[in-house]
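Worksheet: one structure, shown below.
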Ligand SMILES: [Zn+2]
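In the numbering used here, the protein residues as written are 5 to 391.
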């Protein structure tokens, strides 16, 4: 790409100069001699000093109606290459020209704002995008970029109001993202011990997206902190109907809540129901834990052995090994410990979550994918290597 850019620059510079020369020729005397700078630039290129060459050619580029597109294309190329300073200079150079048509000025402003966004100069980028919206230039893209900025700044109130504006002009449904912004506010309030405020934000999150499993998970955690285990159970159980992919995140908390109110038999009924419907390993492991606590290791091993064919997984195998290790003779135990060490090592490098949109994977649950920036797209990995 850079080689192409280096070839394009002298061509753009000479064609820009020629367009300017033709224009001047019709109005005044002009010698038509190619400027000295052009040869200086070529000289830098030949002597493998591309940075100096680029600067000379940019200085030479005349802005007129014939070369605006070239400027914009070059600016874009520089930004994509990560040379944001040069992209900014090209776009600023364009904007400074009074003869620029309105459409081209808007385009150059949008590009310059994107340069600042890429450079991380968020306040300048924000000002330019706001100016573009005010001038009615590329409103939808500018609102999208503003949301990007507010999300980076963790300014969730601004993210909410901008998402609502975007929804009204583009008709794109932003409810799921808005629900997550309220969840972010709720998390912050919970952290600051402003629990009533957190409840209000979570109510808003569920108002915008009744399938927002994250809101129910946060609500369940708050109820546990308040000692309201029945309500925590209600919140956690709602996760299954909202987005069943996330139920694995709350099974352990559900088990704890039922234990706290001495209603473990209700939890067993719940597990039976879930396993009959969809035998996920985390339900089966929770059941095995209950059996072990009440009937001992042998009963838990028997249960796991019967169930293992229904959902093979590394975690299930690991749990079975743990149970076996406690109940076999010492010679066998050493061999099993070796096997367990091997499985632990295998599991250590396996991601637990994966983005269904871009494939980003890791061991931590992100509600907004760090790679593609989508909300709610990072899900627990199920199956042999997951759960
Ligand atoms: Zn992603």
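Heads up, the beta-carbon is just placed ideally off N, CA and C, and yes, glycines get one too. Note that the structure is predicted; figures quoted are calculated from it, not measured.
Cα-Cα separation between residue 382 and residue 250, rounded to whole angstroms: Rounded to whole angstroms, residue 382 to residue 250 spans 10 Å at the Cα level.
Residues sharing a beta bridge with residue 358, DSSP: 365 and 383.
Any heavy atom of ligand 2 within less than 5 Å of residue CB: hits in chain order: Looking at this structure, you won't find ligand 2 anywhere; what it does contain is ligand 1.
Contact the segment 341-350 vs the segment 359-375: 3+ CB pairs below 8 Å: When Cβ pairs closer than 8 Å are counted between the two stretches, the segment 341-350 is seen not to touch the segment 359-375, the count staying below three.
Distance, residue 360 Cα to residue 218 Cα: Those two C-alpha atoms are separated by around 17 Å.
Among 266, 253, 195 and 200, the one whose alpha carbon lies nearest that of residue 220: Of 266, 253, 195 and 200, the residue nearest in Cα terms is 253.
Cα-Cα separation between residue 180 and residue 57, rounded to whole angstroms: Going by the C-alpha atoms only, they are around 49 Å apart.
Cβ-Cβ separation, residue 216 to residue 246 (assumed contact under 8 Å), whole Å: Confirmed, Cβ separation roughly 7 Å.
Candidates 198, 107 and 47: closest to residue 141 by CA position: If we check each option's Cα against that of residue 141, 107 comes out closest.
Minimum C-alpha distance to residue 208 - residue among 198, 248, 194 and 189: Out of 198, 248, 194 and 189, 189 has the C-alpha closest to the C-alpha of residue 208.
C-alpha gap between residue 339 and residue 293, whole angstroms: Taking the straight line from one Cα to the other gives about 24 Å.
Given residue 126 as reference, the closest of 305, 152 and 79 once Cα atoms are compared: Nearest in C-alpha terms to residue 126, of all of 305, 152 and 79, is 152.
Of the residues 123, 122, 117 and 124, the one placed nearest residue 137, counting alpha carbons only: Residue nearest to residue 137 within the set 123, 122, 117 and 124 is 117 (criterion: CA-CA distance).
Beta-bridge pairing of residue 372 - partner residues as DSSP gives them: Paired residue(s): 379.
Three-state secondary structure (DSSP) of residue 332: Shown here, residue 332 sits in coil according to DSSP, grouped into three states, outside any helix or strand.
Residue 163 to residue 349 span [Cα, whole Å]: It is roughly 42 Å from the alpha-carbon of residue 163 to the alpha-carbon of residue 349.
Sufficient close CB pairs (3 or more, under 8 Å) joining the segment 195-205 to the segment 167-183: Put simply, the segment 195-205 does not touch the segment 167-183. Fewer than three CB pairs are less than 8 Å apart.
Which listed residue (356, 332, 210 and 75) has its alpha carbon closest to that of residue 112: Residue 75 is the option with its Cα nearest to residue 112.
Nearest to residue 161 (by Cα), restricted to the options 148, 147, 231 and 182: Of the candidates 148, 147, 231 and 182, 182 places its Cα closest to the Cα of residue 161.
Backbone secondary structure at residue 104 - three-state DSSP: It is coil, neither helix nor strand.
Residue 134, enclosing alpha helix (DSSP H) - first and last residue: Unbroken alpha helix (DSSP H) run through residue 134: 126-138.
Same chain, Cβ closer than 6 Å to residue 378, five either side skipped, listed in chain order: Same-chain partners within the cutoff: 361.
Minimum C-alpha distance to residue 269 - residue among 248, 148, 332 and 295: Among 248, 148, 332 and 295, the Cα nearest to that of residue 269 is on 295.
Between the CA atoms of residue 285 and residue 358 - distance to the nearest angstrom: Those two C-alpha atoms are separated by around 18 Å.
Unbroken alpha helix (DSSP H) run spanning residue 260, endpoints: That run of the alpha helix (DSSP H) goes 255-264.
For residue 320, the three-state DSSP class (helix, strand or coil): Residue 320: helix per DSSP, three-state reduction.
DSSP three-state assignment for residue 267, whether helix, strand or coil: The DSSP-derived three-state label of residue 267 is coil.
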